[in-house]
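For the sequence shown, our numbering assigns the number 1 to the initial residue and increments by one for each residue that follows. Using N, Cα and C, we set each Cβ at its ideal position, and we do this for glycine too. Being a predicted model, the structure only gives us computed values, none of them experimental. As structure tokens, the structure follows; a few thoughts come after it.
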Amino acid sequence: MNDIRPPESARWEWLEAKVRALMDRYAYRNLRTPIVEPTALFVRGLGEVTDIVEKEMYSFEDRLNGEQLTLRPESTAGVVRAVVEHAMLYDGGKRLYYMGPMFRHERPQRGRYRQFHQIGAEALGFAGAEADAELILLADALWKELGLTDVRLELNSLGQPQERKAHRAALISYLEAHVDQLDEEARRRLHSNPLRILDTKNPALQTLVEGAPKLLDYLGEDSLRHFETVKAILDANGVAWRINPRLVRGMDYYNLTVFEFVTDRLGSQGTICGGGRYDYLIEQVGGKAAPAVGWALGVERVLELVKEAGKDIPDLAADAYAVVTDTAFLPRVMGALQKLRAAGVSVQMHASAGDSMGSMKSQFKKADASGARYALVFGADEMARDAVLVKSLRDGSGHQVERSLADLSEWAATLQSSR
Ligand code: ATP
Ligand code: MG
1 MNDIRPPESA
11 RWEWLEAKVR
21 ALMDRYAYRN
31 LRTPIVEPTA
41 LFVRGLGEVT
51 DIVEKEMYSF
61 EDRLNGEQLT
71 LRPESTAGVV
81 RAVVEHAMLY
91 DGGKRLYYMG
101 PMFRHERPQR
111 GRYRQFHQIG
121 AEALGFAGAE
131 ADAELILLAD
141 ALWKELGLTD
151 VRLELNSLGQ
161 PQERKAHRAA
171 LISYLEAHVD
181 QLDEEARRRL
191 HSNPLRILDT
201 KNPALQTLVE
211 GAPKLLDYLG
221 EDSLRHFETV
231 KAILDANGVA
241 WRINPRLVRG
251 MDYYNLTVFE
261 FVTDRLGSQG
271 TICGGGRYDY
281 LIEQVGGKAA
291 PAVGWALGVE
301 RVLELVKEAG
311 KDIPDLAADA
321 YAVVTDTAFL
331 PRVMGALQKL
341 RAAGVSVQMH
351 ASAGDSMGSM
361 KSQFKKADAS
371 GARYALVFGA
381 DEMARDAVLV
391 KSLRDGSGHQ
401 VERSLADLSE
411 WAATLQSSR
């Protein structure tokens, strides 16, 4: 679990602002759900035999009433709970997005933390393939907006439950024939949840898993048509994709389209975003059956990739740094700074030593180090004229101009940077 400190936090705010603007353009609205949910929601929603539910959840008993609670390991289940609880689909589908911390007790390593952050988008109440495609196009637009290029899209279709049943039988007999090669976890899941074995993180099982019967070969006409439409929309929009027949995703709630955006630039934690359709989850959580599709991206991994792409942290310097020669001026100076801030200028106030402001020299040193473009000098002469001296710090010109505090609103905007 990490503390996200400045200046790094500026990168987070930059990403969040980009996401908000983009979500607005696709008419996705913000939903904020609690970080704690009843444990049963995740067990029922994600599936009992999944990595998350078997070994990654932070669960505890509320000692006041004995309720079993869990820090959310993902947000789709909570979104669905909220949608059901408030009957949000009564007047049609809803496009929603969220941002926030998730909790999974995993082995910490690069790109894998115990408190990490996801941004997710969900389209609930939409059955058509255009919703799947829209969400993929939205994610693709986000990579472009962030300047990311080394991201590729992997696609698969999990079909419908009855199609999976036929595949499951074939998968079990294939795996049984190679049972000596399976690790302990795979053996345990062989009959409870064999599909999960395809999602194994064990490199020793990769070849075996690659040779396993492919779900795509078991899909019926409707499932195939849905998948074809998604692909056709992506093709028409220049979004490249590749079929990955082993892509099954970590939760049990998916059907039809599943996808991941992956990169080779982050080592073994290369999946930055994953999602798919979950047409049965809403009913499973107790709502009236309704189709849905969504994705979640890992903020830490996306920002790591942004960093890899050489993007600088946004400039955090204030527009101006206030230099004051006498503590007696503080009440008037602070009043002038309030007006500048109200006019949109960011101002960093020099810190006094209590009874003295310190020498001009030391104040200018601080002003330079702050990165501010201007020093605002409040000296005895300026104060006597109800004015301030505005001095350029960064263009090397040393240019300075006296401004009257009486008509501050007329010149304040000239100090404002375009950040
Ligand atoms: P993985 O296969 O890497 O364990 P996952 O399938 O468990 O990922 P999802 O539940 O689909 O991941 O979450 C969506 C995204 O959230 C992932 O693609 C990844 O970018 C990010 N993510 C998942 N777990 C973590 C974690 N422990 N730390 C940081 N990011 C994570
Ligand atoms: Mg995982």
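Item: Pull every residue with its beta-carbon under 6 Å away from any heavy atom of ligand 2, and keep them in chain order.; Value: D51 and G250
Item: For M23 versus Y98, is the C-beta distance shorter than 7 Å?; Value: no
Item: Comparing the CB of E56 with every heavy atom of ligand 1, is any distance shorter than 6 Å?; Value: no
Item: Distance, Cα to Cα, N65 vs E122?; Value: 33 Å
Item: If you run the structure through DSSP and keep just helix, strand and coil, what is K288?; Value: coil
Item: Per DSSP, N255 is paired with what?; Value: R277
Item: Would you decide whether R373 is buried or exposed? Buried here means 16 or more other CB atoms lie within 10 Å of its CB.; Value: buried
Item: Report yes if the C-beta of A369 is less than 6 Å from at least one heavy atom of ligand 1; otherwise report no.; Value: no
Item: Tell me whether R152 counts as near ligand 1, meaning its Cβ is closer than 6 Å to at least one heavy atom of that ligand.; Value: no
Item: Tell me, please, whether the CB atom of A318 is closer than 7 Å to any CB atom in chain D?; Value: Within the model displayed, chain D is absent; a lone protein chain is all it includes.
Item: By the DSSP assignment, the beta strand (DSSP E) with M99 in it spans what residues?; Value: K94 to F103
Item: Does the Cβ-Cβ distance between T76 and G294 come in under 7 Å?; Value: yes
Item: Is it true that the CB of V248 sits closer than 7 Å to the CB of L198?; Value: yes
Item: Find the nearest neighbour of E176 within the set R164, K165, A166 and R189, judged by alpha-carbon distance.; Value: R189
Item: How is I35 classed by DSSP in three states: helix, strand or coil?; Value: coil
Item: State whether the segment 228 to 245 contacts the segment 35 to 42, with contact taken as three or more CB pairs (one from each stretch) at a distance under 8 Å.; Value: no
Item: Between P108 and the rest of its own chain, which residues show a CB-CB distance below 8 Å, the 5 nearest in sequence each way excluded?; Value: R114
Item: For E8 and K307, what's the separation of their Cα atoms in angstroms?; Value: 10 Å
Item: Determine whether the beta carbon atoms of R341 and V333 lie at a separation below 7 Å.; Value: no
Item: Count Cβ pairs between the segment 300 to 319 and the segment 355 to 362 that sit closer than 8 Å; are there 3 or more?; Value: no
Item: Inspect the CB distances between the segment 152 to 168 and the segment 214 to 229 and report whether three or more fall short of 8 Å.; Value: yes
Item: Buried or exposed, going by whether 16 or more other CB atoms sit within 10 Å of the CB of V179?; Value: exposed
Item: Would G111 pass as a contact of Q269 if the rule is Cβ separation under 7 Å?; Value: yes
Item: To which residues does DSSP link F42 through a beta bridge?; Value: In the DSSP output, where bridge partners are listed per residue, F42 has none listed.
Item: Does Y90 pass the burial test, meaning 16 or more other C-beta atoms within 10 Å, or should it be called exposed?; Value: exposed
Item: Ignore the nearest five residues each way along the sequence and tell me which others in L158's own chain have a CB closer than 7 Å to its CB.; Value: R164, L215, V248, Y254, N255, L256 and V258
Item: Looking only at DSSP bridge pairs, what is A219 linked to?; Value: A quick correction: the sequence has Leu, not Ala, at residue 219. According to DSSP, L219 bridges with nothing at all.
Item: Using a 10 Å radius around the Cβ and a threshold of 16 neighbouring Cβ atoms, would you call T414 buried or exposed?; Value: exposed
Item: Following a CB-centred definition, is Y113 positioned closer than 6 Å to any heavy atom of ligand 1?; Value: yes
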